[in-house]
Amino acid sequence: MGLGGYRRGWGVCRSVIVGMAMWAALGAGNAGAQVRGTIVGPGATSYPIAVSPLRSSSGAEQAAGTFADLVAKDLDLSGLFKVINRGAYIEDPQRSGVTADTIDFRDWSTIGAQALVKGSIERDGEGLIVEARLFDVVEGKQIGGKRYRAGDDELRRIAHRFADEIMQILTGERGPFESRIAFASRRKGRFKEIYAMSLDAGDLRAVTRDGSIALAPSWSPDGRSLLFTSFASGNPSLFSIELGGEKRLLSSRSGLNLGGRWSPGGRAIAVALESGGATDIALLDPNGQVMHFVTKDRGIDVSPSWSPDGESIVFCSDRGGGPQIYVVGAQGGAPRRVTFEGSYNTSPAWSPKGDRIAYASRVGGRFQVYTVGIGGGDVKKITSTRGDNEDPSWSPDGRYLVFSSTRDGSGAIYFSDAAGTRQTRLTPSGGDDSSPAWSRWLE
(Lines of atoms letter the chains of each structure in order from A and count residues from 1; the text may use other names and numbers.)
(Lines give C-alpha, C1' and ligand atoms only; values in the text may rest on other atoms or scores of the structure.)
Protein backbone atom coordinates (compact mmCIF):
# COMPACT_ATOMS: atom_id res chain seq x y z
CA MET A 1 0.00 0.00 0.00
CA GLY A 2 2.90 2.38 0.68
CA LEU A 3 2.95 5.48 2.83
CA GLY A 4 0.07 7.10 1.00
CA GLY A 5 -2.01 4.03 1.71
CA TYR A 6 -1.01 4.17 5.34
CA ARG A 7 -2.26 7.75 5.53
CA ARG A 8 -5.52 6.66 3.94
CA GLY A 9 -5.63 4.04 6.68
CA TRP A 10 -5.82 6.93 9.21
CA GLY A 11 -2.42 6.80 10.84
CA VAL A 12 -2.94 4.93 13.36
CA CYS A 13 16.53 -2.20 29.92
CA ARG A 14 17.75 -3.03 31.37
CA SER A 15 16.20 -1.63 34.57
CA VAL A 16 15.90 -4.83 36.51
CA ILE A 17 15.85 -4.36 40.25
CA VAL A 18 18.83 -6.28 41.62
CA GLY A 19 17.45 -6.92 45.09
CA MET A 20 13.98 -7.93 46.18
CA ALA A 21 11.85 -5.04 47.45
CA MET A 22 10.81 -5.81 51.01
CA TRP A 23 8.21 -4.36 53.32
CA ALA A 24 9.94 -2.18 55.90
CA ALA A 25 8.24 -1.93 59.27
CA LEU A 26 4.74 -1.54 57.88
CA GLY A 27 1.69 -1.24 60.07
CA ALA A 28 -0.75 -4.14 59.89
CA GLY A 29 -4.07 -3.99 58.11
CA ASN A 30 -5.33 -1.73 55.36
CA ALA A 31 -2.82 1.11 55.27
CA GLY A 32 -4.98 3.25 53.02
CA ALA A 33 -7.79 3.18 55.55
CA GLN A 34 -5.47 4.57 58.21
CA VAL A 35 -5.07 7.92 56.45
CA ARG A 36 -7.70 10.58 56.97
CA GLY A 37 -9.44 11.68 53.78
CA THR A 38 -8.15 8.76 51.68
CA ILE A 39 -8.08 9.77 48.00
CA VAL A 40 -10.45 8.06 45.62
CA GLY A 41 -9.42 9.24 42.16
CA PRO A 42 -8.69 12.11 39.77
CA GLY A 43 -10.98 15.04 40.43
CA ALA A 44 -10.90 14.55 44.20
CA THR A 45 -9.46 17.30 46.38
CA SER A 46 -5.67 17.27 46.03
CA TYR A 47 -4.12 15.54 49.03
CA PRO A 48 -1.30 17.57 50.67
CA ILE A 49 1.91 15.57 50.86
CA ALA A 50 5.54 16.47 51.57
CA VAL A 51 8.32 14.55 49.83
CA SER A 52 11.55 15.13 51.73
CA PRO A 53 14.95 14.43 50.14
CA LEU A 54 16.29 11.16 51.53
CA ARG A 55 18.91 11.30 54.24
CA SER A 56 22.11 10.30 52.47
CA SER A 57 25.54 8.95 53.27
CA SER A 58 28.70 10.18 51.58
CA GLY A 59 28.57 9.68 47.82
CA ALA A 60 24.78 9.30 47.65
CA GLU A 61 23.73 12.95 47.98
CA GLN A 62 22.77 13.41 44.34
CA ALA A 63 20.84 10.14 44.25
CA ALA A 64 18.93 11.19 47.39
CA GLY A 65 17.69 14.34 45.70
CA THR A 66 16.94 12.60 42.41
CA PHE A 67 14.81 9.93 44.09
CA ALA A 68 12.72 12.52 45.95
CA ASP A 69 12.38 14.71 42.85
CA LEU A 70 11.07 11.80 40.77
CA VAL A 71 8.57 10.69 43.43
CA ALA A 72 7.32 14.25 43.85
CA LYS A 73 6.99 14.73 40.09
CA ASP A 74 4.99 11.52 39.75
CA LEU A 75 2.61 12.41 42.57
CA ASP A 76 2.09 15.90 41.16
CA LEU A 77 1.48 14.50 37.67
CA SER A 78 -1.22 12.18 39.02
CA GLY A 79 -3.41 15.18 39.86
CA LEU A 80 -4.32 13.56 43.18
CA PHE A 81 -1.73 15.26 45.36
CA LYS A 82 -0.67 18.75 46.30
CA VAL A 83 3.09 18.35 46.69
CA ILE A 84 4.24 20.95 49.22
CA ASN A 85 7.08 23.20 48.07
CA ARG A 86 10.34 22.35 49.83
CA GLY A 87 10.94 26.02 50.52
CA ALA A 88 8.24 25.73 53.19
CA TYR A 89 9.94 22.86 55.05
CA ILE A 90 10.92 23.52 58.65
CA GLU A 91 12.84 20.29 59.23
CA ASP A 92 16.36 19.67 57.85
CA PRO A 93 16.24 16.25 56.11
CA GLN A 94 19.94 15.58 56.76
CA ARG A 95 19.61 16.17 60.51
CA SER A 96 16.19 14.72 61.24
CA GLY A 97 15.19 11.11 61.77
CA VAL A 98 13.46 8.78 59.37
CA THR A 99 11.34 6.74 61.81
CA ALA A 100 8.08 7.77 63.44
CA ASP A 101 9.65 8.11 66.90
CA THR A 102 12.38 10.47 65.60
CA ILE A 103 10.21 12.79 63.46
CA ASP A 104 8.61 15.93 64.85
CA PHE A 105 5.29 15.70 63.00
CA ARG A 106 4.33 19.18 64.20
CA ASP A 107 6.90 20.57 61.75
CA TRP A 108 4.95 18.94 58.94
CA SER A 109 1.40 19.59 60.12
CA THR A 110 2.31 23.28 60.52
CA ILE A 111 2.94 23.55 56.76
CA GLY A 112 -0.26 21.69 55.93
CA ALA A 113 1.08 18.21 55.11
CA GLN A 114 -1.19 15.26 55.81
CA ALA A 115 1.24 12.67 54.47
CA LEU A 116 5.04 12.62 54.43
CA VAL A 117 7.68 10.72 52.45
CA LYS A 118 11.06 10.28 54.14
CA GLY A 119 13.85 7.75 54.05
CA SER A 120 17.53 7.11 53.61
CA ILE A 121 19.95 6.14 50.88
CA GLU A 122 23.50 4.83 51.06
CA ARG A 123 26.10 3.28 48.81
CA ASP A 124 26.80 -0.41 49.07
CA GLY A 125 29.68 -1.44 46.82
CA GLU A 126 28.69 -0.43 43.29
CA GLY A 127 25.00 -0.03 44.08
CA LEU A 128 22.53 1.75 46.34
CA ILE A 129 20.38 0.76 49.29
CA VAL A 130 17.22 2.85 49.44
CA GLU A 131 14.75 2.84 52.31
CA ALA A 132 11.65 4.92 51.56
CA ARG A 133 8.79 5.38 54.02
CA LEU A 134 5.34 6.91 54.01
CA PHE A 135 3.90 8.52 57.15
CA ASP A 136 0.47 9.73 58.23
CA VAL A 137 1.27 13.17 59.65
CA VAL A 138 -2.08 13.53 61.44
CA GLU A 139 -1.73 10.21 63.27
CA GLY A 140 2.04 10.48 63.61
CA LYS A 141 2.78 6.98 62.37
CA GLN A 142 4.28 5.06 59.47
CA ILE A 143 1.79 3.53 57.06
CA GLY A 144 4.06 2.17 54.34
CA GLY A 145 7.64 1.57 53.33
CA LYS A 146 9.97 -0.27 51.01
CA ARG A 147 13.62 -1.25 50.98
CA TYR A 148 15.39 -1.55 47.64
CA ARG A 149 18.85 -2.65 46.58
CA ALA A 150 19.60 -1.36 43.09
CA GLY A 151 22.23 -0.09 40.68
CA ASP A 152 22.58 3.61 39.93
CA ASP A 153 20.90 3.12 36.57
CA GLU A 154 17.86 1.65 38.33
CA LEU A 155 17.21 4.59 40.65
CA ARG A 156 14.63 6.10 38.30
CA ARG A 157 12.66 2.87 38.18
CA ILE A 158 12.53 2.34 41.95
CA ALA A 159 11.42 5.96 42.45
CA HIS A 160 8.53 5.34 40.05
CA ARG A 161 7.81 2.08 41.84
CA PHE A 162 7.59 3.81 45.21
CA ALA A 163 5.29 6.48 43.77
CA ASP A 164 3.04 3.61 42.66
CA GLU A 165 3.18 2.20 46.21
CA ILE A 166 2.11 5.54 47.66
CA MET A 167 -0.86 5.66 45.31
CA GLN A 168 -1.77 2.08 46.24
CA ILE A 169 -1.80 2.96 49.94
CA LEU A 170 -3.65 6.26 49.62
CA THR A 171 -6.09 5.44 46.80
CA GLY A 172 -6.44 1.67 46.95
CA GLU A 173 -5.11 1.34 43.39
CA ARG A 174 -1.54 1.03 42.17
CA GLY A 175 -0.17 4.06 40.35
CA PRO A 176 0.86 3.96 36.66
CA PHE A 177 4.44 5.19 36.93
CA GLU A 178 6.53 1.99 36.84
CA SER A 179 5.82 1.67 33.13
CA ARG A 180 7.13 3.03 29.85
CA ILE A 181 5.85 4.93 26.83
CA ALA A 182 6.94 4.21 23.27
CA PHE A 183 6.29 6.56 20.37
CA ALA A 184 7.43 7.47 16.86
CA SER A 185 9.62 10.57 16.54
CA ARG A 186 11.81 12.45 14.12
CA ARG A 187 14.37 13.52 16.74
CA LYS A 188 17.41 12.57 14.69
CA GLY A 189 17.50 12.54 10.92
CA ARG A 190 14.80 12.77 8.27
CA PHE A 191 12.71 9.76 9.22
CA LYS A 192 10.68 8.74 12.22
CA GLU A 193 12.18 6.10 14.50
CA ILE A 194 10.75 4.41 17.59
CA TYR A 195 11.67 5.86 20.98
CA ALA A 196 10.89 4.80 24.55
CA MET A 197 10.93 6.58 27.91
CA SER A 198 9.61 6.64 31.45
CA LEU A 199 6.92 9.18 32.21
CA ASP A 200 9.47 11.72 33.44
CA ALA A 201 11.24 11.51 30.01
CA GLY A 202 14.65 11.58 31.71
CA ASP A 203 15.66 8.30 30.09
CA LEU A 204 14.29 8.98 26.58
CA ARG A 205 16.24 6.96 24.01
CA ALA A 206 15.95 5.54 20.51
CA VAL A 207 14.85 1.92 20.14
CA THR A 208 15.24 1.70 16.35
CA ARG A 209 17.89 3.14 14.05
CA ASP A 210 16.62 1.99 10.67
CA GLY A 211 17.21 5.22 8.77
CA SER A 212 13.71 4.71 7.39
CA ILE A 213 10.12 5.30 8.47
CA ALA A 214 9.10 3.42 11.64
CA LEU A 215 5.52 3.74 12.90
CA ALA A 216 2.81 2.47 15.26
CA PRO A 217 4.74 0.96 18.19
CA SER A 218 3.03 -1.27 20.76
CA TRP A 219 4.29 -3.19 23.79
CA SER A 220 4.49 -6.88 24.53
CA PRO A 221 2.56 -7.92 27.67
CA ASP A 222 5.81 -8.15 29.69
CA GLY A 223 7.05 -4.72 28.54
CA ARG A 224 10.33 -6.13 27.22
CA SER A 225 9.76 -5.75 23.49
CA LEU A 226 7.88 -3.67 20.94
CA LEU A 227 5.98 -4.33 17.75
CA PHE A 228 6.25 -1.68 15.04
CA THR A 229 5.87 -1.19 11.30
CA SER A 230 8.96 -0.28 9.28
CA PHE A 231 9.39 0.82 5.66
CA ALA A 232 13.09 -0.10 5.68
CA SER A 233 12.60 -2.77 3.00
CA GLY A 234 10.32 -0.56 0.91
CA ASN A 235 7.24 -2.49 2.06
CA PRO A 236 5.45 -1.59 5.32
CA SER A 237 6.36 -4.74 7.28
CA LEU A 238 5.75 -5.74 10.90
CA PHE A 239 8.73 -6.24 13.21
CA SER A 240 9.37 -7.07 16.84
CA ILE A 241 12.34 -5.64 18.73
CA GLU A 242 13.62 -6.28 22.24
CA LEU A 243 14.77 -3.17 24.08
CA GLY A 244 18.50 -3.05 23.50
CA GLY A 245 18.29 -6.09 21.21
CA GLU A 246 17.85 -7.07 17.58
CA LYS A 247 14.69 -6.67 15.56
CA ARG A 248 12.84 -9.69 14.17
CA LEU A 249 10.66 -9.73 11.05
CA LEU A 250 7.14 -11.01 11.76
CA SER A 251 5.09 -10.18 8.67
CA SER A 252 6.17 -8.89 5.26
CA ARG A 253 3.14 -9.69 3.14
CA SER A 254 2.92 -7.48 0.07
CA GLY A 255 1.14 -4.29 1.07
CA LEU A 256 0.23 -3.06 4.52
CA ASN A 257 1.30 -4.85 7.73
CA LEU A 258 0.30 -2.27 10.34
CA GLY A 259 -0.81 -1.76 13.93
CA GLY A 260 0.37 -5.01 15.50
CA ARG A 261 -1.05 -5.50 19.02
CA TRP A 262 -0.28 -8.42 21.32
CA SER A 263 -3.25 -10.13 22.95
CA PRO A 264 -3.32 -9.77 26.77
CA GLY A 265 -2.04 -13.32 27.17
CA GLY A 266 0.67 -12.96 24.52
CA ARG A 267 -0.65 -15.78 22.34
CA ALA A 268 -1.71 -13.78 19.28
CA ILE A 269 -1.03 -10.51 17.47
CA ALA A 270 -3.86 -8.47 15.95
CA VAL A 271 -2.69 -6.60 12.86
CA ALA A 272 -4.11 -4.85 9.79
CA LEU A 273 -3.11 -6.74 6.62
CA GLU A 274 -3.71 -5.71 3.03
CA SER A 275 -5.36 -8.50 1.07
CA GLY A 276 -7.04 -8.46 -2.33
CA GLY A 277 -7.40 -4.70 -2.47
CA ALA A 278 -8.88 -4.46 1.02
CA THR A 279 -7.32 -4.11 4.46
CA ASP A 280 -8.60 -6.44 7.17
CA ILE A 281 -7.82 -7.34 10.78
CA ALA A 282 -6.00 -10.65 11.13
CA LEU A 283 -4.53 -12.63 14.01
CA LEU A 284 -0.92 -13.81 13.78
CA ASP A 285 0.76 -16.37 16.00
CA PRO A 286 3.92 -15.28 17.88
CA ASN A 287 6.02 -16.31 14.85
CA GLY A 288 4.04 -14.10 12.47
CA GLN A 289 1.98 -16.81 10.76
CA VAL A 290 -1.64 -15.93 9.97
CA MET A 291 -4.01 -17.81 12.28
CA HIS A 292 -7.21 -16.36 10.81
CA PHE A 293 -8.80 -13.15 9.59
CA VAL A 294 -11.07 -11.50 12.13
CA THR A 295 -12.72 -9.21 9.58
CA LYS A 296 -13.31 -9.65 5.87
CA ASP A 297 -14.70 -6.53 4.23
CA ARG A 298 -14.15 -4.67 0.98
CA GLY A 299 -13.18 -1.49 2.82
CA ILE A 300 -10.34 -0.56 5.15
CA ASP A 301 -10.19 -2.06 8.66
CA VAL A 302 -7.23 -0.82 10.75
CA SER A 303 -6.01 0.08 14.26
CA PRO A 304 -6.94 -3.02 16.29
CA SER A 305 -6.93 -2.89 20.10
CA TRP A 306 -7.77 -5.79 22.44
CA SER A 307 -10.33 -5.91 25.23
CA PRO A 308 -8.69 -6.67 28.61
CA ASP A 309 -10.08 -10.23 28.62
CA GLY A 310 -8.76 -10.95 25.12
CA GLU A 311 -12.21 -11.91 23.85
CA SER A 312 -12.90 -8.90 21.62
CA ILE A 313 -11.11 -6.39 19.39
CA VAL A 314 -12.00 -2.78 18.71
CA PHE A 315 -10.93 -1.35 15.35
CA CYS A 316 -11.54 1.44 12.84
CA SER A 317 -13.41 0.78 9.60
CA ASP A 318 -14.91 2.72 6.70
CA ARG A 319 -17.39 -0.07 5.91
CA GLY A 320 -20.30 2.30 6.59
CA GLY A 321 -18.85 5.21 4.63
CA GLY A 322 -16.53 7.34 6.76
CA PRO A 323 -14.20 5.84 9.37
CA GLN A 324 -15.96 4.72 12.57
CA ILE A 325 -15.17 2.54 15.58
CA TYR A 326 -16.38 -1.08 15.69
CA VAL A 327 -16.05 -4.05 18.06
CA VAL A 328 -15.83 -7.68 16.93
CA GLY A 329 -15.15 -11.00 18.63
CA ALA A 330 -11.53 -12.14 18.42
CA GLN A 331 -12.67 -15.24 16.52
CA GLY A 332 -14.62 -13.15 14.01
CA GLY A 333 -18.32 -12.55 13.46
CA ALA A 334 -20.46 -9.52 12.77
CA PRO A 335 -18.83 -6.27 13.96
CA ARG A 336 -20.85 -3.93 16.18
CA ARG A 337 -20.57 -0.18 15.62
CA VAL A 338 -19.64 1.82 18.74
CA THR A 339 -19.36 5.47 17.60
CA PHE A 340 -22.33 7.39 16.22
CA GLU A 341 -21.31 10.98 16.98
CA GLY A 342 -18.99 12.52 14.40
CA SER A 343 -18.30 11.48 10.83
CA TYR A 344 -14.59 10.66 11.19
CA ASN A 345 -13.51 8.57 14.21
CA THR A 346 -10.18 6.71 14.37
CA SER A 347 -7.40 5.21 16.52
CA PRO A 348 -9.40 3.30 19.17
CA ALA A 349 -7.80 2.08 22.41
CA TRP A 350 -9.62 -0.17 24.90
CA SER A 351 -9.22 0.76 28.56
CA PRO A 352 -7.57 -1.83 30.88
CA LYS A 353 -10.62 -1.39 33.11
CA GLY A 354 -12.72 -2.69 30.21
CA ASP A 355 -15.44 -0.05 30.44
CA ARG A 356 -14.40 2.60 27.92
CA ILE A 357 -12.75 3.08 24.53
CA ALA A 358 -10.62 6.14 23.74
CA TYR A 359 -10.41 7.39 20.15
CA ALA A 360 -9.71 10.46 18.01
CA SER A 361 -12.51 12.30 16.22
CA ARG A 362 -12.19 15.00 13.57
CA VAL A 363 -14.18 18.06 14.61
CA GLY A 364 -14.03 21.34 12.69
CA GLY A 365 -11.06 20.12 10.68
CA ARG A 366 -9.03 19.16 13.79
CA PHE A 367 -8.72 15.91 15.73
CA GLN A 368 -9.72 15.75 19.40
CA VAL A 369 -9.56 12.83 21.85
CA TYR A 370 -12.80 11.33 23.16
CA THR A 371 -13.85 8.31 25.18
CA VAL A 372 -17.04 6.28 24.83
CA GLY A 373 -18.64 3.49 26.82
CA ILE A 374 -18.25 0.07 25.24
CA GLY A 375 -21.99 0.01 24.57
CA GLY A 376 -21.68 3.14 22.44
CA GLY A 377 -23.06 5.71 24.88
CA ASP A 378 -21.70 8.22 27.40
CA VAL A 379 -19.33 10.04 25.02
CA LYS A 380 -16.83 12.29 26.82
CA LYS A 381 -14.57 14.87 25.19
CA ILE A 382 -11.02 14.78 26.61
CA THR A 383 -9.25 17.50 24.60
CA SER A 384 -10.48 20.85 23.29
CA THR A 385 -7.29 22.57 22.18
CA ARG A 386 -5.94 23.97 18.94
CA GLY A 387 -3.94 21.62 16.77
CA ASP A 388 -4.56 17.90 16.37
CA ASN A 389 -4.89 15.55 19.37
CA GLU A 390 -4.63 11.91 18.29
CA ASP A 391 -3.59 8.33 19.02
CA PRO A 392 -4.75 7.92 22.65
CA SER A 393 -3.26 5.12 24.76
CA TRP A 394 -4.33 4.10 28.28
CA SER A 395 -2.20 3.81 31.41
CA PRO A 396 -1.94 0.31 32.91
CA ASP A 397 -4.36 1.29 35.69
CA GLY A 398 -6.89 2.82 33.28
CA ARG A 399 -6.96 6.17 35.10
CA TYR A 400 -4.88 8.16 32.60
CA LEU A 401 -4.20 8.62 28.89
CA VAL A 402 -1.30 9.69 26.73
CA PHE A 403 -1.81 11.05 23.23
CA SER A 404 0.01 13.06 20.58
CA SER A 405 -0.79 16.73 20.09
CA THR A 406 0.31 19.57 17.84
CA ARG A 407 -1.19 22.24 20.13
CA ASP A 408 2.24 23.83 20.57
CA GLY A 409 3.36 23.47 16.97
CA SER A 410 5.18 20.22 16.17
CA GLY A 411 3.92 16.94 17.60
CA ALA A 412 4.55 16.07 21.26
CA ILE A 413 3.31 13.45 23.72
CA TYR A 414 0.85 14.64 26.36
CA PHE A 415 -0.50 13.11 29.58
CA SER A 416 -4.08 13.50 30.83
CA ASP A 417 -6.35 12.08 33.48
CA ALA A 418 -9.25 10.10 32.04
CA ALA A 419 -11.61 13.04 32.51
CA GLY A 420 -9.39 15.44 30.56
CA THR A 421 -9.20 17.92 33.44
CA ARG A 422 -5.40 18.00 33.72
CA GLN A 423 -3.09 17.76 30.69
CA THR A 424 0.70 17.93 30.76
CA ARG A 425 3.34 17.75 28.05
CA LEU A 426 5.77 14.86 28.55
CA THR A 427 8.28 15.00 25.69
CA PRO A 428 10.77 17.82 25.07
CA SER A 429 10.58 19.85 21.88
CA GLY A 430 12.23 18.95 18.61
CA GLY A 431 10.78 15.55 17.88
CA ASP A 432 7.52 15.71 15.90
CA ASP A 433 6.30 12.91 18.19
CA SER A 434 3.30 10.69 17.40
CA SER A 435 1.62 7.33 18.02
CA PRO A 436 2.32 6.87 21.77
CA ALA A 437 1.86 3.43 23.31
CA TRP A 438 1.76 2.95 27.09
CA SER A 439 3.11 -0.33 28.45
CA ARG A 440 1.73 -2.42 31.24
CA TRP A 441 3.56 -2.32 34.56
CA LEU A 442 7.13 -3.51 34.14
CA GLU A 443 7.99 -6.95 35.43
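Residue numbers (numbering that gives the first Met the number 0): 0 to 442.
We put the beta carbon where it would ideally sit given N, CA and C, even for glycine.
None of these values were measured; they are calculated from a predicted model.
For residue j and residue i, the rounded distance between their alpha carbons
i: Ser433; j: Ile102; result: 47 Å
i: Lys187; j: Thr207; result: 11 Å
i: Ile299; j: Leu255; result: 11 Å
i: Thr338; j: Pro347; result: 10 Å
i: Leu257; j: Gly363; result: 28 Å
i: Asp390; j: Gln422; result: 15 Å
i: Ile381; j: Thr98; result: 42 Å
i: Leu214; j: Ile120; result: 41 Å
i: Asn286; j: Gly265; result: 12 Å
i: Asp91; j: Thr384; result: 43 Å
i: Ala205; j: Gly233; result: 21 Å
i: Ser316; j: Gly78; result: 35 Å
i: Asp284; j: Ser56; result: 51 Å
i: Pro307; j: Arg105; result: 46 Å
Exposure label - residue i; buried when at least 16 CB within 10 Å
i: His159; result: buried
i: Met166; result: buried
i: Ala329; result: buried
i: Asn344; result: buried
i: Gly259; result: buried
i: Asp445; result: For the chain, the structure presents residues 0 to 442; residue 445 sits outside this window and is missing.
i: Glu192; result: buried
i: Ala333; result: exposed
i: Thr44; result: exposed
i: Thr420; result: exposed
i: Lys352; result: exposed
Three-way DSSP call (helix, strand, coil) for residue i in this model
i: Ala63; result: helix
i: Trp472; result: What the structure shows of the chain is the stretch from 0 to 442, and residue 472 is not part of that stretch, so it cannot be assessed.
i: Phe414; result: strand
i: Gln167; result: helix
i: Asp199; result: coil
i: Glu340; result: coil
i: Glu389; result: strand
i: Arg398; result: coil
i: Glu121; result: strand
i: Arg446; result: The structure shown does not extend to residue 446, since the chain is modelled only from 0 to 442, so the question has no answer here.
i: Asp279; result: strand
i: Ser55; result: strand
i: Gly101; result: Checking the displayed sequence, the identity of residue 101 turns out to be Thr instead of Gly. Here Thr101 sits in helix by DSSP.
i: Lys145; result: strand
i: Phe85; result: Note that residue 85 is Arg in the sequence shown, not Phe. Reduced to three states, the DSSP call for Arg85 is helix.
Nearest residue (CA-CA) to residue i, options the options
i: Ala436; options: Gly171, Ile240, Ser392, His291; result: Ser392
i: His291; options: Ser304, Lys379, Ser306, Ala271; result: Ala271
i: Ile89; options: Val313, Ile110, Arg406, Lys140; result: Ile110
i: Ser173; options: Ile180, Gly376, Phe161; result: The sequence given here has Arg at residue 173, not Ser. Nearest C-alpha to Arg173: Phe161.
i: Asn388; options: Thr370, Ser360, Val378, Pro322; result: Ser360
i: Ser217; options: Arg365, Tyr147, Ser304, Arg398; result: Ser304
i: Arg155; options: Gly78, Ser219, Val70; result: Val70
i: Asp199; options: Ser95, Glu442, Pro427; result: Pro427
i: Ile180; options: Tyr147, Leu226, Asp152; result: Leu226
i: Asp152; options: Arg189, Asp135, Ser394, Ser197; result: Ser197
i: Phe230; options: Glu241, Ile48, Gly222, Ser250; result: Ser250
i: Leu441; options: Asp163, Arg398, Gln323; result: Asp163
i: Glu130; options: Phe182, Ala149, Ala281; result: Ala149
i: Leu53; options: Ile83, Gly96, Tyr46; result: Gly96
i: Ala49; options: Gly86, Arg189, Gln61; result: Gly86
Chain C contact for residue i (CB, 8 Å cutoff)
i: Pro285; result: Absent from the structure is chain C; it holds one protein chain and no more.
(request) At 3 residues or longer, and completely inside the stretch 176-249: list those beta strand (DSSP E) runs for me, N to C. (result) Here the runs fully enclosed are 180-184, 192-196, 213-218, 224-229, 236-241.
(request) Report the residue ranges of all beta strand (DSSP E) runs contained in full by the stretch 325-373; include only those spanning at least 3 residues, in chain order. (result) If you keep only unbroken beta strand (DSSP E) runs of at least 3 residues inside the stretch 325-373, you get 344-349, 355-362, 365-372.
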